[in-house]
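A.B. asks: Quick note: the sequence shown uses UniProt numbering, first residue 1, plus one each step.
Sharing a structure below in structure tokens format, with a few things to ask.
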Amino acid sequence: LPTVPGRCICRCLDLVFSVPSSRRHASVAIQKEDLQKYHNRDTWFQLQHVDADSEVQGKVHLELRLSEVITDSGVVCHKLATRILECQGLPIVNGQCDPYATVTLAGPCRSEAKKTKVKKKTNNPQFDEVFYFEVTRPCSYSRKSHFDFEDEDVDKLEIRVDLWNASNLKFGDEFLGELRVPLKVLRQSSPHEAWYFLQPRDNGSKSLKPGDLGSLRLNVVYTEDHVFSSDYYSPLRDLLLRSADVEPVSASAAHILGEVCREKQEAAIPLVRLFLHYGRVVPFISAIASAEVRRTQDPNTIFRGNSLTSKCIDETMKLAGMQYLHVTLKPTIEEICQSHKSCEIDPVRLKDGESLESNMENLRQFVDRVFSVITESGVSCPTVMCDIFFSLREAAAKRFQDDLDVRYTAVSSFIFLRFFAPAILSPNLFQLTPHHTDPQTSRTLTLVSKTIQTLGSLSKSKSASFKESYMAAFYEFFNEQKYADAVKNFLDLISSSGRRDPKSVQQPILLKEGFMIKRAQGRKRFGMKNFKKRWFRLTNHEFTYQKSKGDLPLYSIPIENILAVEPLEEESFKMKNMFQVIQPERALYIQASNCVEARAWTDILTKVSQRNQKRLAVYHPSAYLNGHWLCCRASSDTAAGCSPCTGGLPANIQLDIDGDRETERIYSLFSSYMSKLEKMQEACGSRSVYDGPEQEEYSTFIIDDPQETYKTLKQVIAGVGALEQEHAQYKRDKFKKTKYGSQEHPIGDKSFQSYIRQQSETPAHSM
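Put into structure tokens, the structure is as follows:
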């Protein structure tokens, strides 16, 4: 049977209080069965009064048994055994949960209550206690009737179970919820055993009208996916995963999904998660990005729209880059939030006593710090993001060969405009801060974000990009070539690739160069290998050294031959700041001028080589001298390493993604947009046989190859149809087997009641 994961995302859009001075608490509650009605729609909801008795959660396992008891004197009485077995999912109140239950037999003229023991420190208590109640008074036994009560009297009796949290506070114990069971359920079956959802109690407080508290505008996105085992999804999943190899890519199943969805984001979320799970996200994004670039006429508008490409890259950065974002920005953002320095540079907004010059200096220092941590973070950028940026750079440079800056703006439009700048502007949305920042800090972050965004854009007329004159004046602080150079160096690093592509239009990108000392790799001289100062040069293709800057290389190591870059223990040669570049046949030992340079070289060498398929898992931390390794004493110079490689940078981002659920999500989207799929089929047929003006209803679709697109659409519709049949069969089987009142579907589950009602009203042939 399929698993049923679900999620509900609720976004607050607007809040209107009709009584802003009030200290009343208010809330909006939406029944689970109603969530689908509000799916992805902006809706105003009336705020409701909140009290402690209205917020409940959890469920109770209860058993009722009605039996006759004949006393020694021959008198018959009717007794009710109420067994409360367990509870699950009770709320934790003020950091603790010490629950107990009261069981009450209630009727028009009687009320008898009993209490369980308190269960300490658990919100899933196991009570397993039985309480007995006399339902009828004893009477003389007669053959005519065992009992002296009328049937309608029984219908007026009920068992009420109240859950409480034992509290040491002077205000008394906290109410956790209640359930009410009329005894007439015993007419259908005795004993009666079922699970019940706890319900709020009606305290009779009707003093406030709903409209008195105002309204809340929400956008609710609710999904509930019935996920089958993996083999059910093979045809549709395989069709999607082949998308990057389809020519043209606009005829692929993944691209078609983006065409039929109302919002590109709908398609991008499950597609990116599916492709990340199966390691196909880079080829797919490269394919759709190249296609979009070929359709772009102006290099200044490249990747500026809300296309499937931009949404997929946004989603990839969100998933794969969150840790990178935190490591890079969080310390500096926290520093800005804690400093509370005024950075207002708008003369109109200046407060009394504030200095414009002082504020500008505060803001300049914050911008410099944020700019530095970003442009120095290239070695930490996740590999999957770097590979995507490399493909963007290649596609843009190939399409606009006369524009030398487009290779940078294609990447900066994502890493600065869509990644760093939004995180600086709203750090709480990226978990960089726990809460919304205060107004002054929020204003500071807005100004920092604007400046960083402009610095990263590399536009030729910087001051013209600001609407506000005070921002243009402030930007003069940064109108220096060193800032542009830092941005370009950063973009070069995160969009470089160690893979040699003979079709690439890019020249090798210089990443780092400088003098260092290396140990000779040639023949031994007098039993010792000598050390020489050399000029080292690293590009995204090779690592070389020569006698002096500008000379021809004396030795070259292709990036794909770098198996590891690790520190070398000082004891090896009695020299500090040494590291080793390990190749298939030997290791190159190098000494940097200081520890900072040594770390910089090892980080960047590791970065450019981390995708090499033959990277080592273990290495020798010391040198091979006098016939053995100094670290493990192994005599063979080809002996396997004795210590695990540190690497320093993760080659892959580990994400908890359920590929089957994402495929189910894509199936649901295709199913909900089936009418558009059919309309797209019609558009393919129209374009194949008719060369005249295109019908307006077909103009929204991108169809480069009608025949290939039609072929894919036919496969998609067939795959969706097969899954629809499986879901229909599952629902029929579920309807037959499901028991209302089970642990999975407790009594009080209104959404399940609605489902049962729908199934009972649906003819079998239509399911």
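Backbone N, C-alpha and C fix where the C-beta goes; we use that ideal spot for every residue, glycine too.
Does the beta-carbon distance from Leu511 to Ser496 come in below 8 Å?
C.D. replies: Counted from its first residue, the sequence shown places residue 511 at position 511. Counted from its first residue, the sequence shown places residue 496 at position 496. Taking the C-beta atoms as reference points, Ser496 is found nearer than 8 Å to Leu511.
A.B. asks: Relative to the C-alpha of Val181, which candidate in Leu80, Gln729 and Gly214 has its C-alpha closest?
C.D. replies: For the purposes of this step, residue 181 is identified with residue 181 of the sequence shown, where counting begins at 1. Ranking the options by Cα distance to Val181, first place goes to Leu80.
A.B. asks: Comparing the CB of Gly172 with every heavy atom of the ligand FMN, is any distance shorter than 7 Å?
C.D. replies: Judged by which ligands are present, the structure shown has none, so any question about the ligand FMN falls away.
A.B. asks: What runs of the alpha helix (DSSP H), each 4 residues or longer, lie entirely inside the UniProt domain "C2" (56 to 196)?
C.D. replies: 151 to 155
A.B. asks: Find out if the Cβ-Cβ distance for the pair Ala623, Tyr589 is shorter than 8 Å.
C.D. replies: Translated into positions along the sequence shown, residue 623 becomes position 623. Translated into positions along the sequence shown, residue 589 becomes position 589. Going by C-beta atoms, Ala623 is nearer than 8 Å to Tyr589.
A.B. asks: Can you give the Cα-Cα distance for Ser671 and Gly456, rounded to whole angstroms?
C.D. replies: In the sequence shown, the residue the question calls residue 671 occupies position 671. In the sequence shown, the residue the question calls residue 456 occupies position 456. Roughly 41 Å between the two C-alpha positions.
A.B. asks: Near Asp405, what residues of its chain come up, given a Cβ to Cβ distance below 7 Å and the 5 sequence neighbours on each side ignored?
C.D. replies: As a position in the sequence shown, residue 405 is number 405, starting the count at 1. For Asp405, where only same-chain residues beyond five positions count, the Cβ hits under 7 Å are Leu458.
A.B. asks: For His340 and Val327, I'd like the C-alpha separation in whole angstroms.
C.D. replies: Locating residue 340 in the sequence shown gives position 340, counting from the first residue. Locating residue 327 in the sequence shown gives position 327, counting from the first residue. For the pair His340 and Val327, the Cα-to-Cα distance works out to about 22 Å.
A.B. asks: State the Cα-Cα distance for the pair Ile424 and Leu363, rounded to the nearest angstrom.
C.D. replies: Walking along the sequence shown from the start, residue 424 turns up at place 424. Walking along the sequence shown from the start, residue 363 turns up at place 363. If I take the Cα positions, the gap works out to 14 Å.
A.B. asks: Kindly indicate the opening and closing residues of the alpha helix (DSSP H) around Met238.
C.D. replies: As a working mapping, residue 238 is identified with position 238 in the sequence shown. The residue asked about is misnamed: residue 238 is Asp in this sequence, not Met. Ser234 to Leu241 is the extent of the alpha helix (DSSP H) around Asp238.
A.B. asks: Is the beta carbon of Ala106 less than 8 Å from the beta carbon of Glu158?
C.D. replies: Along the sequence shown, read from residue 1 onward, the residue named residue 106 stands at position 106. Along the sequence shown, read from residue 1 onward, the residue named residue 158 stands at position 158. Closer than 8 Å, so yes.
A.B. asks: Using DSSP with H/G/I as helix, E/B as strand and the rest coil, what is Thr544?
C.D. replies: Within the sequence shown, numbered from 1, the residue matching residue 544 stands at position 544. Strand, per DSSP.
A.B. asks: Once the 5 residues before and after Tyr408 are set aside, which same chain residues still bring their CB inside 7 Å of it?
C.D. replies: Start at 1 with the first residue of the sequence shown, and residue 408 comes out as number 408. When the five nearest sequence neighbours on each side are left out, the beta carbons in the same chain lying within less than 7 Å of the beta carbon of Tyr408 are those of Leu458, Lys488 and Leu491, in order along the chain.
A.B. asks: Quick one: which unbroken alpha helix (DSSP H) runs of 4-plus residues sit fully inside the UniProt domain "PH" (509 to 610)? Chain order, please.
C.D. replies: 595 to 609, all fully within the UniProt domain "PH" (509 to 610).
A.B. asks: Give the range of the beta strand (DSSP E) segment to which Gln46 is assigned.
C.D. replies: Taking the first residue of the sequence shown as position 1, residue 46 is located at position 46. Counting along the chain, the beta strand (DSSP E) containing Gln46 begins and ends at Asp42 to Gln46.
A.B. asks: Considering only the alpha carbon of each residue, which of Ala617, Leu630 and Glu263 lies closest to Cys645?
C.D. replies: Taking the first residue of the sequence shown as position 1, residue 645 is located at position 645. Nearest of Ala617, Leu630 and Glu263 to Cys645, Cα basis: Ala617.
A.B. asks: So Asn219 is in the beta strand (DSSP E); what residue range does that whole segment cover?
C.D. replies: Your numbering for residue 219 matches position 219 in the sequence shown. That run of the beta strand (DSSP E) goes Ser215 to Glu224.
A.B. asks: State the start and end residues of the unbroken alpha helix (DSSP H) segment that holds Gln725.
C.D. replies: Position 725 of the sequence shown, counting from 1, holds the residue named residue 725. Gln725 -> alpha helix (DSSP H) spans Pro706 to Lys737.
A.B. asks: Expressed to the nearest angstrom, what Euclidean distance is found between the alpha-carbon atoms of Phe701 and Met680?
C.D. replies: Along the sequence shown, read from residue 1 onward, the residue named residue 701 stands at position 701. Along the sequence shown, read from residue 1 onward, the residue named residue 680 stands at position 680. If I take the Cα positions, the gap works out to 7 Å.
A.B. asks: Taking the alpha-carbon of Glu724 as reference, which of Tyr667, Tyr324 and Ile703 has the nearest alpha-carbon?
C.D. replies: Numbered from 1 along the sequence shown, position 724 holds the residue referred to as residue 724. When each option's Cα is compared against that of Glu724, the closest is Tyr667.
A.B. asks: Alpha carbon to alpha carbon, how far is Lys119 from Val93?
C.D. replies: The count along the sequence shown starts at 1 and reaches residue 119 at position 119. The count along the sequence shown starts at 1 and reaches residue 93 at position 93. Using only the alpha carbons, I get a separation of about 14 Å.
A.B. asks: Tell me which residue opens and which closes the alpha helix (DSSP H) that Ser277 is part of.
C.D. replies: Here residue 277 refers to the residue found at position 277 when the sequence shown is read from its first residue. This sequence places His at residue 277; Ser is not what is there. Lys264 to His277 is the span of the alpha helix (DSSP H), which, as asked, contains His277.
A.B. asks: Does Cys595 pass the burial test, meaning 16 or more other C-beta atoms within 10 Å, or should it be called exposed?
C.D. replies: By one-based count along the sequence shown, residue 595 stands at place 595. Exposed is the call here.
A.B. asks: Count the other C-beta atoms from every protein chain shown that fall within 10 angstroms of the C-beta of Asn652, then say buried if there are 16 or more, exposed otherwise.
C.D. replies: Locating residue 652 in the sequence shown gives position 652, counting from the first residue. Confidence at Asn652 is low in this model, with a pLDDT of 46, below 50, so the placement of that residue should be treated as unreliable; the coordinate-derived value is given next. So Asn652 ends up on the exposed side.
A.B. asks: Taking Arg611 as the reference, give the member of Thr446, Met385, Gln401 and Phe735 with the closest Cα.
C.D. replies: As a first step, residue 611 is located in the sequence shown; it is residue number 611 there, counting from the start. Closest option to Arg611, Cα to Cα, is Met385.
A.B. asks: What residues match up with Ser643 in a beta bridge as DSSP calls it?
C.D. replies: In the sequence shown, residue 643 corresponds to position 643, counting from 1. According to DSSP, which records beta bridges pairwise, Ser643 is partnered with Tyr619.
A.B. asks: Identify, in the order they occur along the chain, each residue of the same chain with its Cβ nearer than 6 Å to the Cβ of Pro746, setting aside the five sequence neighbours on each side.
C.D. replies: Within the sequence shown, residue 746 is the residue found at index 746, counting from 1. Cβ neighbours of Pro746 beyond the five flanking positions: Lys59, Trp195, Tyr196 and Phe197.
A.B. asks: Distance check for Asn359 and Cys337, CA to CA, integer angstroms please.
C.D. replies: Within the sequence shown, the letter at position 337 stands for residue 337. Within the sequence shown, the letter at position 359 stands for residue 359. The straight-line gap from Cα to Cα measures roughly 15 Å.
A.B. asks: Please confirm whether Gly659 and Leu179 have their CB atoms less than 8 Å apart.
C.D. replies: Position 659 of the sequence shown, counting from 1, holds the residue named residue 659. Position 179 of the sequence shown, counting from 1, holds the residue named residue 179. Not in contact: Gly659 and Leu179 (Cβ atoms no closer than 8 Å).
A.B. asks: By Cβ distance below 6 Å, which residues in the same chain neighbour Arg534 in space, the five residues on each side in sequence not counted?
C.D. replies: By one-based count along the sequence shown, residue 534 stands at place 534. Within the same chain, Arg534 has close Cβ partners Lys518 and Tyr545.
A.B. asks: Is Thr663 closer than 8 Å to Tyr233 when the C-beta atoms are compared?
C.D. replies: On the sequence shown, position 233 is the one that residue 233 refers to. On the sequence shown, position 663 is the one that residue 663 refers to. Result yes, Cβ atoms of Tyr233 and Thr663 sit closer than 8 Å.
A.B. asks: Given Gly258, which residues of its chain have a CB within under 6 Å of its CB, disregarding the five upstream and five downstream residues?
C.D. replies: As a first step, residue 258 must be located in the sequence shown, where it is residue number 258. Excluding sequence neighbours, Gly258 sits near Lys264, Ala267 and Leu308.
A.B. asks: Please report the straight-line C-alpha distance between Ser636 and Lys607, rounded to a whole angstrom.
C.D. replies: Against the sequence shown, residue 636 aligns to sequence position 636. Against the sequence shown, residue 607 aligns to sequence position 607. Roughly 30 Å between the two C-alpha positions.
A.B. asks: Pair every Cβ in the region 212 to 231 with every Cβ in the region 242 to 259, then say whether three or more of these pairs are closer than 8 Å.
C.D. replies: Judged by Cβ distances under 8 Å, the region 212 to 231 makes no contact with the region 242 to 259, as fewer than three pairs qualify.
A.B. asks: Excluding sequence positions up to five away, which residues of its chain have a Cβ less than 7 Å from the Cβ of Ala410?
C.D. replies: Start at 1 with the first residue of the sequence shown, and residue 410 comes out as number 410. Hits under 7 Å: Ile302, Phe303, Leu392, Arg393 and Ala396.
A.B. asks: Rounded to the nearest angstrom, what separates Val161 and Phe366 at their Cα positions?
C.D. replies: Numbered from its first residue, the sequence shown carries residue 161 at position 161. Numbered from its first residue, the sequence shown carries residue 366 at position 366. Within the model, the alpha-carbon separation for Val161 versus Phe366 is close to 59 Å.
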